[in-house]
Amino acid sequence: MLLLALLVAGLYYLHLGYYRHTIFHDLPAAGAGPERPALVMLSGDMGDRVGMTPKVAARLHARGYAIVTVNSLSFFAPGRTAAETSALIAGAMRRAMALGRTGHVVLIGQSFGADMLHAGLAELRAAARAPIRAVVLVVPGRDIVFRASPVELAGLETPDALALPTASRLTWVPVTCIHGSTEANSLCPELTLPNVRRVTLPGGHRLDFDDAALTAAILPAVTQARDNRS
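Under our numbering, the letters of the sequence shown match residues 9 to 238, in that order.
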């Protein structure tokens, strides 16, 4: 019975993208163009097939935004470095802007993806930051682990670093930090930079699975980026 359970769990992780080579999922939009930012969404540690990322991406895509989602489970399964994470973000940005036929982008990270987003941006060269109009961190944690795995998901992985030092370096871009009202390990209350908009939603880390409320919390960052394009 245990062997069967392990087999089922293994197959499920393969379905989600564990060690799968397809990292990016493109969502082109007919309404995309220079007037709109393209969006990059880094998924949580369960990948971009389940959870909030695909649901929120669908809602934003329905509003006419070109989106590239990043399957964090696929990319971070073997373990990565901050430099590799930065390169991933830069590549996703280029891909999204080409898809959206635009020169600017909004970056969104969900849970594990939020941790990787601010950690990677801390390593991004200043010149490469120019197209970024906003950063949205959805339920980021206080610790960083550069590996997505069943061990990390269970909370058994030893953290690689604290989150606040790298997140505090996001002084050069408007940041939205979204967390649940009952979360016990959220970075958002600690992130007190003047350029950070903190949003509290009902629930814990999973935000009561309310993708509509999460989309509504993200939208101001996206629409402001559109209005303030340069």
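Ideal Cβ positions, reconstructed from N, Cα and C, are used throughout, including at glycine.
Work out the CA separation of residue j and residue i for me, nearest whole Å.
i: N79; j: H33; result: 8 Å
i: P139; j: L199; result: 23 Å
i: A162; j: R88; result: Only weak support is given to the placement of A162: the predicted model assigns it a pLDDT of 49, under 50, and the question is left unresolved by the model.
i: L115; j: P167; result: 24 Å
i: H112; j: P36; result: 15 Å
i: Y21; j: A130; result: Unreliable placement is indicated for Y21, whose pLDDT of 46 sits below 50; no coordinate value is reported for it.
i: A65; j: R57; result: 11 Å
i: D53; j: S82; result: 9 Å
i: V76; j: A100; result: 7 Å
i: I152; j: P202; result: 23 Å
i: E160; j: V146; result: A caution first: E160 carries a pLDDT of 46, below 50, which makes its placement in the model unreliable, though a value can still be read off. Each residue's alpha carbon lies about 18 Å from the other.
i: M124; j: L50; result: 8 Å
i: D216; j: H187; result: 11 Å
i: A95; j: A122; result: 16 Å
i: Q232; j: F154; result: 31 Å
i: R206; j: A106; result: 30 Å
i: A220; j: K63; result: 9 Å
i: A134; j: W180; result: 9 Å
i: H213; j: P42; result: 35 Å
i: A5; j: G59; result: The first residue shown for the chain is 9 and the last is 238, placing residue 5 beyond what the model contains.
Establish whether the CB of residue i and some CB of chain B are separated by less than 8 Å.
i: L132; result: Chain labels in this structure do not include chain B; a single protein chain is all it has.
When the distance is taken between beta carbons, is residue j closer than 8 Å to residue i?
i: L47; j: I97; result: no
i: L178; j: H126; result: yes
i: L195; j: A171; result: yes
i: P173; j: A142; result: no
i: A229; j: T184; result: yes
i: R44; j: T110; result: yes
i: I31; j: V144; result: no
i: R103; j: T223; result: no
i: A128; j: A90; result: The sequence given here has Gly at residue 128, not Ala. Yes, the Cβ-Cβ distance between G128 and A90 is below 8 Å.
On the DSSP bridge assignment, give the partners of residue i in chain order.
i: I75; result: L35, L47
i: L170; result: D151
i: Q118; result: V146
i: S194; result: G149
i: G55; result: G52
Can you tell me where the alpha helix (DSSP H) with residue i in it begins and where it stops?
i: V64; result: 60-70
i: H112; result: No alpha helix (DSSP H) contains H112, which DSSP labels as neither H nor E.
i: S82; result: 80-84
Which two residues bound the contiguous beta strand (DSSP E) that contains residue i?
i: A138; result: Counting along the chain, A138 falls outside any beta strand (DSSP E), and DSSP gives it neither H nor E.
i: L209; result: 204-209
i: H187; result: 183-188
Go through its chain and collect everything with a Cβ distance to residue i's Cβ below 6 Å, but skip five positions before and after it.
i: N193; result: G149, R150
i: G108; result: A40, A46, A74
i: G72; result: A37, G39
i: A136; result: A98
i: S119; result: G52, V147
i: D218; result: none
To which residues of the same chain is residue i closer than 7 Å at the C-beta, ignoring the five residues directly before and after it?
i: A61; result: First, the residue type needs correcting, since residue 61 is Thr and not Ala in the sequence shown. For T61, where only same-chain residues beyond five positions count, the Cβ hits under 7 Å are M49, S51, G52, T77, Q118.
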